[in-house]
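See below for the structure under consideration.
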Amino acid sequence: MKKNEPNAEEYAQLIIEDNLNRIVFDETITHQENYIQINYKFDDGAVVCYEWQDFPFSQTPKTEIFNHKFTLVTPPSPNPENFQPGVIKIIDFPRR
3 MKKNEPNAEE YAQLIIEDNL NRIVFDETIT HQENYIQINY KFDDGAVVCY
53 EWQDFPFSQT PKTEIFNHKF TLVTPPSPNP ENFQPGVIKI IDFPRR
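Numbering (my numbering), first residue to last: 3 to 98.
Have a look at this one:
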């Protein structure tokens, strides 16, 4: 991919930067001591689910180990880049 091509990961960056010019709505789905889930809706209609979890318990499946996860739930409309729903960015736990 060329550097200037659109990338769905840009939605994750907008959430990280708390860019209120593009985020039109957010809804907290789950807020617990060790887990947070928030849906963000953007001005182009895209919806991204952000999840944060504290260090996972030993019974957590290896595929679900992450610190921050951003998932495209609803692609933008129109969708000229043909973004597909799915995980767009994972930020692992910091190394200790």
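C-beta atoms are modelled at their ideal positions from N, C-alpha and C, and glycine is treated no differently. As the structure is a computational prediction, the values presented were derived from the model and not from experiment.
Straight-line Cα distance separating residue j from residue i
i, j, result
"residue 85", "residue 93", "20 angstroms"
"residue 11", "residue 79", "17 angstroms"
"residue 37", "residue 46", "28 angstroms"
"residue 32", "residue 70", "14 angstroms"
"residue 66", "residue 82", "31 angstroms"
"residue 57", "residue 23", "32 angstroms"
"residue 15", "residue 76", "17 angstroms"
"residue 44", "residue 19", "14 angstroms"
Cβ neighbours of residue i in the same chain (closer than 6 angstroms, five flanking residues each side left out)
i, result
"residue 42", "17, 25, 28, 50"
"residue 40", "28, 30, 52"
Short Cβ contact (8 angstroms threshold) for residue i with residue j
i, j, result
"residue 55", "residue 68", "yes"
Proximal residues to residue i (C-beta, below 7 angstroms), its chain only, five neighbours per side dropped
i, result
"residue 74", "10, 13, 48, 50, 85, 87, 88, 90"
"residue 95", "57, 69"
"residue 21", "none"
8 angstroms Cβ shell around residue i - same chain, five flanking residues per side excluded
i, result
"residue 35", "56"
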